[in-house]
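Working notes, structure below.
In the numbering used here, the protein residues as written are 10 to 109.
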């Protein structure tokens, strides 16, 4: 993925390589430390919401560019990421309140 991103320099390939390096590589290298860091991040609403939005936006954009143009993919991905992030943040805050 990284070699393909460097070779093609397409935005989709770069986002895919970043996704695999940032999201999938840490749990493969140190699974217990990664779980504890995610648990610590889960206690904070704003940083976890921002991370959720970025991951959703990038992954939806990459998936949609296979079927749609870049501009349409970006509009759909931003809209869907905002809606899904808002729903996730509401559910996350309810879960944090019920845990207290």
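Positions of the beta carbon are idealized from the N, C-alpha and C atoms, including for glycine. Keep in mind the model is a prediction, meaning the values are calculated, not measured.
Beyond the five residues adjoining it in sequence on each side, residue 54 comes within less than 8 Å, by CB distance, of 98, 101, 102 and 105 in the same chain, given in chain order.
Scanning its chain for C-beta atoms nearer than 7 Å, with the 5 sequence neighbours on each side dropped, one finds no residue around residue 37. Scanning the stretch 41-80 for uninterrupted alpha helix (DSSP H) segments of 4 residues or longer gives 54-73, listed from N- to C-terminal end. The three-state reading of DSSP puts residue 104 in helix, counting H, G and I together. In the structure shown, the three-state DSSP call for residue 39 is coil.
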